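The structure appears below as structure tokens.
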Amino acid sequence: MTEHSRAAVEIVPVSGAAAMERFIRLPEQLLRGDPNFVPPLRMERRLAFSTRKNPYFRHAEAAFWLARRGGRVVGRVSAQQDRLSPPMADGSPAGHFGLLLAEDDADVHAALLRAAEGWCAARGVKRITGPFSLSINEESGLLVAGHDTPPMLMMPHDPPHTARQLEALGYRREKDLLAYRVETAAPPSAAAAQLVGRGLPPGVVLRPIRMGEMRQEVARLVGIFNDAWADNWGFVPITQDEVDTMATALKPLLREKLVWFAEVEGEAVAFAVCLPNLNEAIRDLGGKLLPLGWARLLWRLRGQRIHTARVPLMGVKRSLAKGMLGRVLPLFIVDALRREARAQGIRTIEMSWVLEDNLPMRRLAEAVGGEAYKTYRVFGKDLAA
């Protein structure tokens, strides 16, 4: 046993810019040898964890910790509580952990999770779930299957040992989230092709996003999203502050023919957003935009060098969801996305994430030729009184 492995694990709260920078850069250190790891942009991570700049913190609070052993940073974790999260079945408040990453060491994982559990328990939490980084509307779940490909935009990538370490600490599967891979050149199922071939139902109009009305359009799609998913497991509504931030952040990624609305008698009732996979564009930047990263990124986003994309948001208003119109509109929208994506050089689209028990969405993904190729797991654990 080495001197380093015998050293005690020290858990240090993240306080100040220097400690937060170590927190942000730790994946670059621990996942350096993983060929499918994509270093996130440090600037984006600084904004995400800023209590002043991220509107998430207007309805939530969080704490961050680093684990040190023998003078080295060997792990990190967060704990958070979102006032908009639905309470647990017994009425107790929800509490989450996230951003978990550590060396394959049981003591390090145990110490980090103790810190997160203690923080949540002190706030009345009886069952902790995660990982969420930081919200369920951001990166959710731990990658447990599909480590052999790089992650898409806003999807996590975790070493295989993390799930094993969580299970050893008493964490169990709460819910699985699936990612479906759709090749744009592959045909949909015969039934889906036949249905789309009949044309849009009377009174329905399909249109792309109006780029000159960005804030209004983002507000429309968020309104549909908040309505469509309100009854779903873990749902947290997107707030107006987050709508405004989203409109600004997504503008460089949005392409007119990759965001579609379905309107019925002039009212937007369904939508889907397909975003070029930013991870493909930043993979070789090492998390840095300076000195030349900005130029490379802008050139790649404006050109047609990105061949993958992700559908992170889609929905149909609940008033239509259970009827025939609600079942067919997503097929028409995804068909338009596939056609336009292929025209823009995109070969693969990921539809993610999809709840394991959301059978309508799973059937839709499979009808358009999708294959479930990654699984992200949300874990839960009852906390001691």
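Here the sequence shown stands for residues 1102 to 1486, where the numbers follow the numbering used here.
A virtual CB, placed ideally from N, CA and C, is assigned to each residue, including glycine.
What you are looking at is a predicted structure, and each value in this text was computed from that prediction instead of being measured.
- About 14 Å separates the Cβ atoms of L1167 and G1199, ruling out a contact at the 8 Å cut-off.
- Cβ neighbours of L1148 within its own chain (closer than 6 Å, five residues either side excluded): K1154.
- Non-local C-beta neighbours of E1204 in its own chain, meaning closer than 6 Å and more than five positions away in sequence, comprise V1175, ordered along the chain.
- Judged by DSSP in its simplified three-state form, E1364 adopts strand.
- Sorting W1454, E1381, V1455, E1472 by C-alpha distance to the C-alpha of L1142 places E1381 at the top.
- Two segments are said to touch when three or more pairs of C-beta atoms, one from each, lie closer than 8 Å; by this definition the segment 1349-1357 touches the segment 1301-1320.
- DSSP links P1413 through a beta bridge to no other residue.
- Assigned with DSSP and collapsed to three states, D1483 falls in strand.
- By a beta-carbon distance limit of 8 Å, P1431 contacts L1465. Their separation comes to about 5 Å.
- In the displayed model, W1220 falls within a helix according to three-state DSSP.
- For N1137, same chain residues with a beta-carbon under 8 Å away, outside a window of 5 residues either side, are H1248, D1249, T1250, P1251, P1252, H1258 in chain order.
- Taking 7 Å as the cut-off, the beta carbon of G1427 is found closer than this to the beta carbon of V1417.
- Secondary structure at D1191: coil, using DSSP grouped into helix, strand and coil.
- Across the structure, D1191 and K1227 are spaced so that their CA atoms are roughly 9 Å apart.
- About 7 Å separates the beta carbon of Q1182 from that of P1194, a gap short enough to meet the 8 Å contact definition.
- For Q1182, no alpha helix (DSSP H) encloses it; the enclosing beta strand (DSSP E) starts and ends at 1173-1183.
- Ranking V1344, P1377, R1463, T1340 by CA distance to the CA of P1353 puts P1377 first.
- DSSP places G1388 outside both helix and strand once states are collapsed to three, so it counts as coil.
- In this structure, DSSP gives Y1272 a state outside helix and strand, which the three-state scheme calls coil.
- The Cβ neighbour count for L1438, taken over all protein chains shown within 10 Å, is at least 16; the residue is labelled buried.
- Counting the other Cβ atoms within 10 Å of the Cβ of G1470 gives 16 or more, which makes it buried.
- Under the 8 Å Cβ criterion, the segment 1337-1348 counts as touching the segment 1154-1163, having at least three qualifying pairs.
- For S1420, the secondary structure class from DSSP, reduced to helix, strand or coil, is helix.
- Residue state for K1475 is assigned as strand, using DSSP reduced to three classes.
- Fully contained in the segment 1200-1263 are the following beta strand (DSSP E) runs of length 3 or more, in chain order: 1228-1231, 1243-1246.
- In this structure, the beta-carbon distance from G1424 to V1365 does not fall below 7 Å.
- Where T1449 is concerned, the enclosing beta strand (DSSP E) starts and stops at 1449-1456.
- Exclusion of the five residues before and after L1244 leaves P1257, H1258, D1259, K1475, Y1477 as the residues of its chain whose Cβ lies within less than 7 Å of its Cβ.
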